[in-house]
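Worksheet for the structure shown next.
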Ligand code: SF4
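In my numbering, the protein residues as written are 16 to 377.
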């Protein structure tokens with residue numbers, strides 16, 4: 016009989032699914048080389064060995080007004096505080112034009128939980144933006160966390176709200192705002208946001224309405240390894256449910272790291288090593304998610320090392336006030352970042368938005 020680590024290793028190399036005990040053995044006892052090797056093995060089921068895709072994109076924050084009061088957030092202002100804003104359509108267009116001028120193909124929107132905005136307000140805005148830009152740009156119109164809030168404020172079921180967004184031309188409501196999907200974690204840090212079951216109910220409604228969605232995860236707060244594994248376990252089960260029933264599923268997982276500066280929670284950033292090991296664990300455990308994205312926004316060039324730990328895709332961000340307020344830095348020296356990938360032996364290819372619902376590269 017081998018050790019728990021031997022058993023986990025053998026399972027991955029045989030193409031079998033690992034369980035929670037295997038994941039713990041890999042995390043606690045596996046060295047970096049082993050995690051990299053196993054994650055690369057799983058990555059090869061989906062992607063060519065030297066291919067890596069990227070997208071130039073911005074996250075445009077249209078309002079910083081928020082009533083959720085997450086203690087890890089350096090971005091929000093409570094209604095009535097000095098410095099609140101809601102961008103007008105004209106201001107949004109100016110910001111988006113900057114991204115497009117930098118070669119951007121994708122703009123994600125992200126804002127606070129603004130108590131005065133309704134589903135109809137967002138639908139009108141997205142309709143105008145789609146009319147203005149046509150197919151020149153892809154949009155991630157909203158995150159699931161904002162969707163849940165605005166649906167409730169508008170007294171609509173998730174299914175009705177998702178159908179309304181779909182009718183307005185919205186294509187994506189991504190999995191942003193997930194942080195750690197564990198109720199004990201959520202109670203400690205963002206009790207006003209949602210419960211985990213509610214999050215997945217909203218995501219099901221979004222996918223069922225024909226919109227695209229993604230998974231996200233943020234590490235480095237004060238979460239335990241058990242809480243991280245709860246996130247991965249629930250996510251894998253959700254994706255199984257979707258694909259098992261031949262329903263549209265999540266296209267990717269983007270994992271990034273908490274930036275602790277200017278936040279109530281404070282703390283220290285996790286090391287690059289811990290981030291890379293976690294990426295590897297995500298790739299190995301989540302054997303039903305095709306695309307794993309490493310975060311240049313929060314790790315800069317170090318994020319490219321993630322390609323050796325199971326990731327196959329990365330963003331070249333041009334702005335995101337939420338993470339920049341908490342300490343993230345953005346570089347527009349795209350070639351230098353791409354060179355970091357090339358030096359590691361990868362051939363970076365610019366991509367568009369993912370194909371909706373299939374998990375395939377679009
Ligand atoms: S993380 Fe999002 S929901 Fe939480 S306080 Fe900040 S803006 Fe609001």
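Just so you know, even glycine gets a beta-carbon here, dropped at the ideal spot from N, CA and C.
With a cutoff of 8 Å on beta-carbon distance, residue 58 and residue 245 are scored as not near each other.
Per DSSP, residue 123 is one residue of the beta strand (DSSP E) stretching across 121-124. Residue 141 sits close to residue 156, with the two beta carbons spaced by under 8 Å.
Under the DSSP assignment, residue 268 falls outside any alpha helix (DSSP H), being part of the beta strand (DSSP E) whose first and last residues are 267-272. DSSP places residue 232 in the uninterrupted beta strand (DSSP E) bounded by 230-234. The shortest CA-to-CA distance from residue 221 to any of 261, 175 and 199 is the one to 175. DSSP, read as helix, strand or coil, puts residue 80 in strand. Taking every protein chain shown into account, the CB of residue 18 has fewer than 16 other CB atoms within 10 angstroms, so this residue is exposed. Relative to ligand 1, the beta carbon of residue 208 is positioned inside 7 Å of a heavy atom. Around the C-beta of residue 170, fewer than 16 other C-beta atoms lie within 10 Å, and the residue is accordingly described as exposed.
A distance below 8 Å between beta-carbons, with the five flanking residues on each side excluded, links residue 139 to the following residues of its chain, in chain order: 183. Under the DSSP definition of a beta bridge, residue 71 partners with 331. At least 8 Å separates the beta-carbon of residue 290 from that of residue 257. Beta-carbon to beta-carbon, residue 214 and residue 89 are separated by about 22 Å, too far to satisfy the 8 Å threshold. Secondary structure note for residue 160: its alpha helix (DSSP H) is the uninterrupted segment 159-168. The Cβ neighbour count for residue 207, taken over all protein chains shown within 10 Å, is under 16; the residue is labelled exposed. For residue 338, there is no enclosing beta strand (DSSP E); the enclosing alpha helix (DSSP H) has its first and last residue at 336-340.
The DSSP-derived three-state label of residue 191 is coil. The shortest C-alpha to C-alpha distance from residue 108 to any of 77, 284, 128 and 129 is the one to 77. Between residue 251 and the set 265, 239, 351 and 261, the nearest pair of CA atoms involves 265. In the DSSP assignment, residue 306 falls within the unbroken beta strand (DSSP E) covering 306-309. Going by C-alpha positions, residue 260 is about 42 Å away from residue 113. The alpha-carbon of residue 231 is positioned some 31 Å away from that of residue 95. The secondary-structure analysis by DSSP pairs residue 364 across a beta bridge with 68. Pairwise C-beta distances place the segment 96-103 out of contact with the segment 36-54, as fewer than three of them are shorter than 8 Å. With a cutoff of 7 Å, residue 103 does not count as near ligand 1, since its C-beta is closer than that to no heavy atom of the ligand. The secondary-structure analysis by DSSP pairs residue 155 across a beta bridge with 123. Residue 60 places its beta carbon 8 Å or farther from that of residue 37.
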